[in-house]
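Engineer:
Numbering (the UniProt record's numbering), first residue to last: 1 to 240.
So this is what it looks like as structure tokens:
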């Protein structure tokens, strides 16, 4: 089997493996690299892009961990699935690596925050979480879930832990992904209605667990939500 053509253009280099990841991802999304096609060998990618093998291996490792490519012993690396094309329509390609790295941080931190919020939240803190959720419900009825109430929901949960370090970290996280949140919001807005319903349902599960002080359910609901957020970025079947 011939390898699929891989067109790479070295531009600004905040991190070479991120740039390589983004450009491979863009070509998967566009269809230039189709599902089932084989990537060029590592050595060839190194030569095409002018980078070292560790850079290529880091990019491929993260593409594998995100379920976008699959390595087959003795055969090479193959495209496994393709994200929704709308991701590139809204210019989110170069932000995907950073967003997914931040998600890795968010999963343990925010799931623990949800657990602690269920245990420690005051009535006033719960009202702030509920207020953010109500705004998300109103926005969902209008056909979208904008970035602002989503960020407010997660920050309110962090505040309800009673530990100001969680809130500081949450605010930093929300700020660092604000641009991609706008991209994700546009992807959700222009996608099938069930996507909006699913996003809102995930937040409702988190809220209900915190309301009823079910600590483990809150932790699991948050972890489930963040895992689904990752899949909504990397898997177009989430829109089917």
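Just so it is clear, CB atoms sit at the ideal spot from N, CA and C, and this is done for glycine as well.
If we count the other Cβ atoms within 10 Å of its Cβ and call it buried at 16 or more, is residue 77 buried or exposed?
Structural biologist: Position 77 of the chain shown, counted from the first residue, corresponds to residue 77. Classification of residue 77: buried, given that the 10 Å Cβ count is 16 or more.
Engineer: Residues bridged to residue 79 by DSSP?
Structural biologist: Sequence index remark: in the chain shown, residue 79 carries index 79 (1-based). Paired residue(s): 69.
Engineer: Could you spell out the range, first to last residue, of the alpha helix (DSSP H) harbouring residue 160?
Structural biologist: Locating residue 160 in the chain shown gives position 160, where the first residue counts as 1. Where residue 160 is concerned, there is no enclosing alpha helix (DSSP H), given that its DSSP letter is neither H nor E.
Engineer: Would you kindly work out how many angstroms separate the C-alpha atoms of residue 182 and residue 43, rounded to a whole number?
Structural biologist: The residue you call residue 182 lines up with position 182 of the chain shown. The residue you call residue 43 lines up with position 43 of the chain shown. Cα-Cα distance, rounded: 37 Å.
Engineer: Tell me whether residue 188 is buried or exposed, calling it buried when 16 or more other Cβ atoms sit within 10 Å of its Cβ.
Structural biologist: Taking the first residue of the chain shown as 1, we reach residue 188 at position 188. Counting Cβ neighbours within 10 Å, residue 188 comes out buried, since at least 16 surround it.
Engineer: Is there contact here, the stretch 167-174 with the stretch 185-201, by at least three beta-carbon pairs under 8 Å?
Structural biologist: Taking 8 Å as the limit for Cβ pairs, the verdict is that the stretch 185-201 does not touch the stretch 167-174.
Engineer: Exposed or buried, what is residue 226 when buried is set at 16 or more other beta-carbons lying within 10 Å of its beta-carbon?
Structural biologist: Taking the first residue of the chain shown as position 1, residue 226 is located at position 226. By the neighbour-count rule (16 or more Cβ atoms within 10 Å), residue 226 is buried.
Engineer: I need the straight-line Cα distance from residue 74 to residue 41, nearest angstrom please.
Structural biologist: Residue numbering aside, residue 74 sits at position 74 when the chain shown is read from its first letter. Residue numbering aside, residue 41 sits at position 41 when the chain shown is read from its first letter. If I take the Cα positions, the gap works out to 11 Å.
Engineer: Check whether the Cβ atoms of residue 121 and residue 213 lie closer than 9 Å to each other.
Structural biologist: Working through the chain shown from its first residue, we reach residue 121 at position 121. Working through the chain shown from its first residue, we reach residue 213 at position 213. Result yes, Cβ atoms of residue 121 and residue 213 sit closer than 9 Å.
Engineer: Please name the residue, chosen from 49, 17, 71 and 195, that lies closest to residue 98 on a Cα-to-Cα basis.
Structural biologist: Along the chain shown, one-based indexing puts residue 98 at 98. For residue 98, the nearest C-alpha among the options comes from 17.
Engineer: Label residue 111 either buried or exposed according to how many other C-beta atoms from any shown protein chain fall within 10 Å of its C-beta, with 16 as the threshold for buried.
Structural biologist: The residue labelled residue 111 in the question sits at position 111 within the chain shown. Label assigned to residue 111: buried.
Engineer: Any idea what DSSP makes of residue 64, helix, strand or coil?
Structural biologist: As a working note, residue 64 is residue 64 in the chain shown. DSSP places residue 64 in helix when its eight states are reduced to three.
Engineer: For residue 100, count neighbouring Cβ atoms within 10 angstroms of its own Cβ and tell me buried if that reaches 16, exposed if not.
Structural biologist: By one-based count along the chain shown, residue 100 stands at place 100. It counts as buried.
Engineer: Is it a yes or a no for the stretch 195-204 touching the stretch 129-149, going by three-plus beta-carbon pairs under 8 Å?
Structural biologist: Short answer: they touch.
Engineer: For residue 54, count neighbouring C-beta atoms within 10 Å of its own C-beta (all shown protein chains included) and say buried if the count is 16 or more, exposed if not.
Structural biologist: Locating residue 54 in the chain shown gives position 54, counting from the first residue. Residue 54 comes out exposed.
Engineer: Can you tell me which of 105, 48 and 195 puts its alpha carbon nearest to the alpha carbon of residue 145?
Structural biologist: Mapped onto the chain shown, residue 145 falls at position 145. Comparing Cα positions, the closest option is 195.
Engineer: Just to confirm the assignment, what range does the alpha helix (DSSP H) spanning residue 204 have?
Structural biologist: Residue numbering aside, residue 204 sits at position 204 when the chain shown is read from its first letter. Per DSSP, residue 204 belongs to the alpha helix (DSSP H) from 193-211.
Engineer: Nearest CA to the CA of residue 94: which residue from 29, 48 and 231?
Structural biologist: Stepping through the chain shown from its first residue, residue 94 is reached at position 94. Measuring from the Cα of residue 94, the nearest candidate turns out to be 29.
Engineer: Over the uninterrupted alpha helix (DSSP H) stretch that includes residue 220, give me the two end residues.
Structural biologist: In the chain shown, counting from the first residue as 1, residue 220 sits at position 220. Per DSSP, residue 220 belongs to the alpha helix (DSSP H) from 215-234.
Engineer: Is the beta carbon of residue 198 sitting closer than 9 Å to the one on residue 230?
Structural biologist: The sequence position of residue 198 within the chain shown is 198, counting from 1. The sequence position of residue 230 within the chain shown is 230, counting from 1. Result no, Cβ atoms of residue 198 and residue 230 do not sit closer than 9 Å.
Engineer: Could you name the residues that DSSP lists as bridge partners for residue 106?
Structural biologist: What you label residue 106 is simply residue 106 of the chain shown in a count that begins at 1. Partner(s): none; residue 106 has no beta bridge.
Engineer: When the Cα of residue 221 is compared with those of 107, 58, 65 and 48, which residue comes out closest?
Structural biologist: Locating residue 221 in the chain shown gives position 221, where the first residue counts as 1. Comparing Cα positions, the closest option is 107.
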